[in-house]
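Protein chains: 4
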Amino acid sequence: MTNTQVTLIQIDNYGPWTVTPEPRREVDLQTLQSRLYADLSQLFGNRDGYVFFSRFDNMIAVTNGIGMDAHALVQESVANRYPVTLSLSVATGGTPAAALDTASTQLQDAGSAQAKDRREILRGEPVAEDRRTAEDVQVAHFDVNDATEKYTDRIGAFDTFIHIEQGYAELMRYLREAHDSLAFFVGGDNIIAVCSSLDETAYHDAIAHVREVVDVDLKVGVGRARTAQPAGMAAKHALEVCRHDGRDVVFDEP
Amino acid sequence: MTNTQVTLIQIDNYGPWTVTPEPRREVDLQTLQSRLYADLSQLFGNRDGYVFFSRFDNMIAVTNGIGMDAHALVQESVANRYPVTLSLSVATGGTPAAALDTASTQLQDAGSAQAKDRREILRGEPVAEDRRTAEDVQVAHFDVNDATEKYTDRIGAFDTFIHIEQGYAELMRYLREAHDSLAFFVGGDNIIAVCSSLDETAYHDAIAHVREVVDVDLKVGVGRARTAQPAGMAAKHALEVCRHDGRDVVFDEP
Amino acid sequence: MTNTQVTLIQIDNYGPWTVTPEPRREVDLQTLQSRLYADLSQLFGNRDGYVFFSRFDNMIAVTNGIGMDAHALVQESVANRYPVTLSLSVATGGTPAAALDTASTQLQDAGSAQAKDRREILRGEPVAEDRRTAEDVQVAHFDVNDATEKYTDRIGAFDTFIHIEQGYAELMRYLREAHDSLAFFVGGDNIIAVCSSLDETAYHDAIAHVREVVDVDLKVGVGRARTAQPAGMAAKHALEVCRHDGRDVVFDEP
Amino acid sequence: MTNTQVTLIQIDNYGPWTVTPEPRREVDLQTLQSRLYADLSQLFGNRDGYVFFSRFDNMIAVTNGIGMDAHALVQESVANRYPVTLSLSVATGGTPAAALDTASTQLQDAGSAQAKDRREILRGEPVAEDRRTAEDVQVAHFDVNDATEKYTDRIGAFDTFIHIEQGYAELMRYLREAHDSLAFFVGGDNIIAVCSSLDETAYHDAIAHVREVVDVDLKVGVGRARTAQPAGMAAKHALEVCRHDGRDVVFDEP
Numbered sequence: 001m002t003n004t005q006v007t008l009i010q011i012d013n014y015g016p017w018t019v020t021p022e023p024r025r026e027v028d029l030q031t032l033q034s035r036l037y038a039d040l041s042q043l044f045g046n047r048d049g050y051v052f053f054s055r056f057d058n059m060i061a062v063t064n065g066i067g068m069d070a071h072a073l074v075q076e077s078v079a080n081r082y083p084v085t086l087s088l089s090v091a092t093g094g095t096p097a098a099a100l101d102t103a104s105t106q107l108q109d110a111g112s113a114q115a116k117d118r119r120e121i122l123r124g125e126p127v128a129e130d131r132r133t134a135e136d137v138q139v140a141h142f143d144v145n146d147a148t149e150k151y152t153d154r155i156g157a158f159d160t161f162i163h164i165e166q167g168y169a170e171l172m173r174y175l176r177e178a179h180d181s182l183a184f185f186v187g188g189d190n191i192i193a194v195c196s197s198l199d200e201t202a203y204h205d206a207i208a209h210v211r212e213v214v215d216v217d218l219k220v221g222v223g224r225a226r227t228a229q230p231a232g233m234a235a236k237h238a239l240e241v242c243r244h245d246g247r248d249v250v251f252d253e254p
Numbered sequence: 001m002t003n004t005q006v007t008l009i010q011i012d013n014y015g016p017w018t019v020t021p022e023p024r025r026e027v028d029l030q031t032l033q034s035r036l037y038a039d040l041s042q043l044f045g046n047r048d049g050y051v052f053f054s055r056f057d058n059m060i061a062v063t064n065g066i067g068m069d070a071h072a073l074v075q076e077s078v079a080n081r082y083p084v085t086l087s088l089s090v091a092t093g094g095t096p097a098a099a100l101d102t103a104s105t106q107l108q109d110a111g112s113a114q115a116k117d118r119r120e121i122l123r124g125e126p127v128a129e130d131r132r133t134a135e136d137v138q139v140a141h142f143d144v145n146d147a148t149e150k151y152t153d154r155i156g157a158f159d160t161f162i163h164i165e166q167g168y169a170e171l172m173r174y175l176r177e178a179h180d181s182l183a184f185f186v187g188g189d190n191i192i193a194v195c196s197s198l199d200e201t202a203y204h205d206a207i208a209h210v211r212e213v214v215d216v217d218l219k220v221g222v223g224r225a226r227t228a229q230p231a232g233m234a235a236k237h238a239l240e241v242c243r244h245d246g247r248d249v250v251f252d253e254p
Numbered sequence: 001m002t003n004t005q006v007t008l009i010q011i012d013n014y015g016p017w018t019v020t021p022e023p024r025r026e027v028d029l030q031t032l033q034s035r036l037y038a039d040l041s042q043l044f045g046n047r048d049g050y051v052f053f054s055r056f057d058n059m060i061a062v063t064n065g066i067g068m069d070a071h072a073l074v075q076e077s078v079a080n081r082y083p084v085t086l087s088l089s090v091a092t093g094g095t096p097a098a099a100l101d102t103a104s105t106q107l108q109d110a111g112s113a114q115a116k117d118r119r120e121i122l123r124g125e126p127v128a129e130d131r132r133t134a135e136d137v138q139v140a141h142f143d144v145n146d147a148t149e150k151y152t153d154r155i156g157a158f159d160t161f162i163h164i165e166q167g168y169a170e171l172m173r174y175l176r177e178a179h180d181s182l183a184f185f186v187g188g189d190n191i192i193a194v195c196s197s198l199d200e201t202a203y204h205d206a207i208a209h210v211r212e213v214v215d216v217d218l219k220v221g222v223g224r225a226r227t228a229q230p231a232g233m234a235a236k237h238a239l240e241v242c243r244h245d246g247r248d249v250v251f252d253e254p
Numbered sequence: 001m002t003n004t005q006v007t008l009i010q011i012d013n014y015g016p017w018t019v020t021p022e023p024r025r026e027v028d029l030q031t032l033q034s035r036l037y038a039d040l041s042q043l044f045g046n047r048d049g050y051v052f053f054s055r056f057d058n059m060i061a062v063t064n065g066i067g068m069d070a071h072a073l074v075q076e077s078v079a080n081r082y083p084v085t086l087s088l089s090v091a092t093g094g095t096p097a098a099a100l101d102t103a104s105t106q107l108q109d110a111g112s113a114q115a116k117d118r119r120e121i122l123r124g125e126p127v128a129e130d131r132r133t134a135e136d137v138q139v140a141h142f143d144v145n146d147a148t149e150k151y152t153d154r155i156g157a158f159d160t161f162i163h164i165e166q167g168y169a170e171l172m173r174y175l176r177e178a179h180d181s182l183a184f185f186v187g188g189d190n191i192i193a194v195c196s197s198l199d200e201t202a203y204h205d206a207i208a209h210v211r212e213v214v215d216v217d218l219k220v221g222v223g224r225a226r227t228a229q230p231a232g233m234a235a236k237h238a239l240e241v242c243r244h245d246g247r248d249v250v251f252d253e254p
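Protein chains in written order, with the UniProt record's numbering: chain A, 1 to 254; chain B, 1 to 254; chain C, 1 to 254; chain D, 1 to 254.
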């Protein structure tokens with residue numbers, strides 16, 4: 001079992017805003033989105049959470065240990081500094097996907113993502129303090145084997161990108177369908193997944209599946225902790241072990 | 001014919017840096033990457049270019065009208081403000097993919113992306129001034145039909161993301177293979193492609209292909225200009241026309 | 001008595017860096033400095049602290065409630081994202097000036113601000129937990145009476161700025177000399193001071209002094225709390241009361 | 001003669017916004033202000049201009065070579081990314097102070113800085129192209145002699161700051177009154193002044209005046225060019241010459 005707390009972060013009425021009164025300059029939208037993500041990354045990251053940019057207008061955070069007051073403060077801080085506002089929906093579940101489904105439903109119940117009058121919703125509740133354990137969050141950090149040697153330094157930059165993107169698209173779908181887990185591309189050749197309690201075999205199977213379907217070779221380090229940040233750092237250390245001893249799957253669990 | 005000028009932007013020796021002396025905190029890496037992208041978006045965007053984050057450690061820009069001096073200044077500005085440096089490789093070609101292949105080769109010839117002593121490379125050359133025309137850049141702005149109504153407001157946030165991601169992964173591969181064109185996810189349900197000179201049929205075929213393979217319905221606005229920014233803005237206006245009259249493909253070319 | 005905890009934040013070897021190998025572009029230095037300050041403002045602000053930019057290469061923070069681990073994390077986060085590093089020196093004292101003097105000495109003892117090999121110093125200690133009280137920090141928020149009506153909307157922008165600057169220069173000197181308190185210009189016509197335990201008469205005297213010497217009329221709201229953020233917010237509310245009832249000095253203390 | 005083009009940048013209705021519906025958190029205001037300044041520094045700086053933060057809600061830029069279209073684009077870019085908007089007023093004059101006075105009047109004529117309905121004013125005109133010369137902008141870069149050795153490494157951080165601040169307050173007033181020139185503190189122990197055409201004697205007198213009144217020793221490098229950026233860079237190089245040969249005033253003019 002894991003006990004992942006997930007926060008769905010949605011920019012209120014963003015689509016319409018981007019084209020009102022007429023389409024806004026793309027460079028400004030890109031700047032706005034990526035800086036908002038950077039800020040959220042710090043705001044949640046300084047409280048031991050992880051945020052993934054996913055679609056940028058809908059971001060997904062792992063927020064074990066972060067209460068509703070801190071969520072409200074993040075919401076207020078963004079409203080004070082951006083031309084847009086955020087709605088936040090918090091939920092927990094036995095699997096990350098179940099938690100996010102609950103969070104999604106809560107937010108949908110509050111109104112459409114493109115409703116003018118649905119602003120700064122803050123719903124849901126964090127994991128109860130007395131139910132929290134040192135194993136609540138499992139993070140898996142994947143990368144592509146020899147990405148620089150095989151791709152970046154050898155084939156065109158876009159073809160490299162296609163390989164990595166196909167690997168990601170397949171892995172995200174597989175982990176969601178097979179294991180109710182959520183995988184996110186985080187740059188370079190790296191994918192970070194927030195998983196339900198998967199064992200070594202499950203990771204070997206996932207890697208084999210991706211190799212078979214899209215011919216991309218992955219390896220993975222896995223960590224586990226009370227919150228996202230130490231779980232993710234453990235996963236990084238485990239991935240370093242993969243790099244040094246050639247294994248495909250390494251666990252660094254307490 | 002198009003005459004796209006492309007710049008490959010690569011963070012020097014980034015992979016090793018992220019784990020030296022030991023893995024750096026993911027939240028800081030995410031902040032660094034997304035802010036660097038935001039800055040580049042402004043630096044090139046203020047000179048009528050477009051930058052796409054693609055892998056974040058390797059970004060791709062459309063830079064018609066931007067000379068080597070301006071590239072050098074971008075490089076210097078980043079070195080003055082970040083703990084990492086950038087290499088830039090500039091190339092042009094009859095298709096965007098051809099241009100990027102040249103840019104990739106130029107950079108690979110200068111050394112590995114993970115070589116310690118390969119820093120701040122600046123190679124290539126911009127489109128000759130007397131060969132520039134008002135039709136050099138074709139930009140296509142796609143989005144997913146009724147994404148909010150069909151997905152965001154109805155199914156889980158991750159399942160929505162999977163749909164959009166599968167649509168993107170398929171479109172990027174198709175446009176690259178069929179038309180030497182480069183498509184980038186830019187957030188929300190939006191994909192921006194820098195294309196070789198495609199006609200309406202080609203866009204209808206692309207949309208049909210994506211619908212068939214992954215069951216995602218796209219529409220597209222297409223613009224064309226001397227540089228990326230006005231071509232992209234024309235594409236956005238064309239996409240607004242799609243939204244209002246229900247067509248799948250609209251051109252807003254001069 | 002107050003029990004202010006102060007952190008002196010110093011960019012390591014910054015002066016030499018700005019001119020090595022030759023002078024760096026001023027626009028980049030300005031961007032670097034102001035963004036670094038913005039980040040520190042968030043990093044400490046999210047932990048109920050206040051940071052003042054003062055000289056930008058030497059910043060001063062009020063950090064009651066923020067331990068050495070959090071300081072170390074701030075230091076690490078900056079090193080991960082900037083081309084420069086920070087030294088931090090933490091101290092407490094019966095007056096803010098006394099605390100800062102201790103912090104200054106601790107850092108000077110570690111080496112020169114422009115020594116190449118003095119990097120990322122982290123010294124001092126926070127207020128002991130069992131000695132913390134609800135009255136540890138007194139914040140005074142000053143502004144200039146009718147600044148917009150009398151200056152901004154009527155005389156030249158620089159002459160307005162001169163008035164405000166002379167008011168600030170006089171107030172900072174007076175509060176330091178008369179009361180061991182630290183005043184910082186924070187933009188607009190606002191000055192925030194971290195004070196030793198001053199009473200209403202002391203504030204009236206300070207306002208009278210500034211009026212006499214440089215003919216600038218100030219008013220002030222004063223707040224007090226366990227940490228900087230709620231003390232500062234109380235001060236803002238008190239200043240709003242000044243604005244509404246015309247008083248020059250209003251306390252909003254628990 | 002100089003021919004300085006100055007832009008007054010004013011955040012629209014900022015004071016009221018900061019306290020509506022109630023006082024906003026100071027850390028967010030500080031972050032907003034300093035990031036806005038950083039962005040403007042890049043936006044104008046990439047077009048060879050200089051921006052000074054001065055009061056943050058009223059900033060002053062030297063914008064020779066930057067036309068009204070570029071000003072409009074800066075205005076639009078900020079509106080797209082911030083919760084506040086900017087008014088811009090452009091003017092030129094034989095002295096920097098005269099130019100800024102014109103810019104101030106133009107903006108005051110458009111309405112109060114705190115009028116709700118006065119938003120995104122864009123007024124004035126740039127230097128006519130055919131009147132521009134290679135000597136239009138004179139920039140003087142001052143710093144404090146031996147600031148690190150005499151102050152930073154020896155006395156308390158706030159007392160150092162007081163010295164520098166008193167030096168700045170005196171210099172700004174003197175240069176304004178004696179020479180219609182505009183001086184700005186830019187961090188560390190640095191002051192940058194945009195001057196009318198001053199000769200060596202004038203700078204020696206300014207330095208002597210500041211030494212006499214507040215006992216702060218300055219030196220200065222002076223540059224001159226068609227726009228702010230190369231004039232400022234020449235001034236920096238001249239200041240480096242001061243540092244090496246011990247002179248108080250060095251010119252690096254074409």
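Each residue gets a CB set at the ideal place from its N, CA and C atoms; glycine is no exception.
Original post:
Cβ of C/Q108 less than 9 Å from any chain D Cβ?
Top reply: yes
Subject >> B/M1, enclosing alpha helix (DSSP H) - first and last residue >> reply: Where B/M1 is concerned, there is no enclosing alpha helix (DSSP H), given that its DSSP letter is neither H nor E.
Original post:
Mind checking D/R131: buried by the 16 CB within 10 Å criterion, or exposed?
Top reply: exposed
**OP:** Give the residues of chain A in contact with D/D28, contact being defined as C-beta atoms less than 7 Å apart.
**Re:** S77, N80, R81
Original post:
Is the CB-CB distance between B/I60 and B/T2 below 9 Å?
Top reply: Contact annotation: B/I60 and B/T2 have beta-carbon atoms that are not nearer than 9 Å.
Subject >> CB of B/Q42 within 9 Å of CB of B/D57, strictly >> reply: no
Original post:
chain B beta carbons: is any one of them nearer than 9 Å to that of A/E22?
Top reply: yes
Subject >> CB contact below 9 Å: D/R47 versus chain A >> reply: no
Original post:
Counting only beta-carbon atoms, is C/D39 nearer than 9 Å to chain A?
Top reply: yes
Subject >> Validate contact between the segment 166-175 of chain C and the segment 161-172 of chain D using beta carbons, cut 8 Å, 3 pairs >> reply: Verdict: yes, contact present.
Original post:
How is A/A193 classed by DSSP in three states: helix, strand or coil?
Top reply: strand
Original post:
Beta-carbon separation of D/D12 and D/T105 under 9 Å?
Top reply: no
Subject >> Where C/P254 falls, given that 16 or more other Cβ within 10 Å makes a residue buried >> reply: exposed
Subject >> Close beta carbons around C/L100, own chain, < 6 Å, minus the five adjacent residues each side >> reply: V6
**OP:** Flag D/R247 as yes if its beta-carbon sits less than 9 Å from any beta-carbon of chain C, otherwise no.
**Re:** no
Subject >> Closest residue to D/D245 among D/L40, D/Y14, D/G221, D/L29 (Cα-Cα distance) >> reply: Ranked by how close their Cα comes to the Cα of D/D245, the residues D/L40, D/Y14, D/G221, D/L29 have D/G221 in first place.
Original post:
Terminal residues of the continuous alpha helix (DSSP H) containing residue 255 of chain C?
Top reply: Nothing can be reported for residue 255 of chain C: it is not among the residues displayed for chain C, which extend from 1 to 254.
Original post:
Closest Cβ-Cβ distance between D/L36 and chain B: below 9 Å?
Top reply: no
**OP:** Give every residue of the same chain whose Cβ lies closer than 6 Å to the Cβ of C/A193, excluding the five residues on either side of it in the sequence, and list them in chain order.
**Re:** Hits under 6 Å: A140, L175, S181, A183.
Subject >> Distance between D/Q10 and A/R25 (C-alpha atoms, nearest Å) >> reply: 23 Å
**OP:** Assuming A/L107 and A/S87 form a contact by the criterion Cβ under 8 Å, report the distance between their Cβ atoms to the nearest whole angstrom.
**Re:** 6 Å
Original post:
Looking at the C-beta of B/Q166, does it have a partner C-beta in chain D at a distance below 9 Å?
Top reply: no
Original post:
Quick one: Cα of A/R35 to Cα of A/Q75, how far?
Top reply: 15 Å
Original post:
Are the C-beta atoms of C/L43 and some chain A residue less than 9 Å apart?
Top reply: At least one CB of chain A lies nearer than 9 Å to the CB of C/L43.
Subject >> Limits of the unbroken alpha helix (DSSP H) element including D/V213 >> reply: 200-214
Subject >> DSSP-derived helix/strand/coil call for A/T158 >> reply: Reading off the sequence, residue 158 of chain A comes out as Phe, not Thr. Correct three-state label for A/F158: helix.
Original post:
Which chain D residues sit within Cβ distance under 9 Å of C/V186?
Top reply: Think of a sphere of 9 Å around the beta carbon of C/V186: the chain D residues whose beta carbon falls inside it are E26, L29, Q30, Q33, F56, in chain order.
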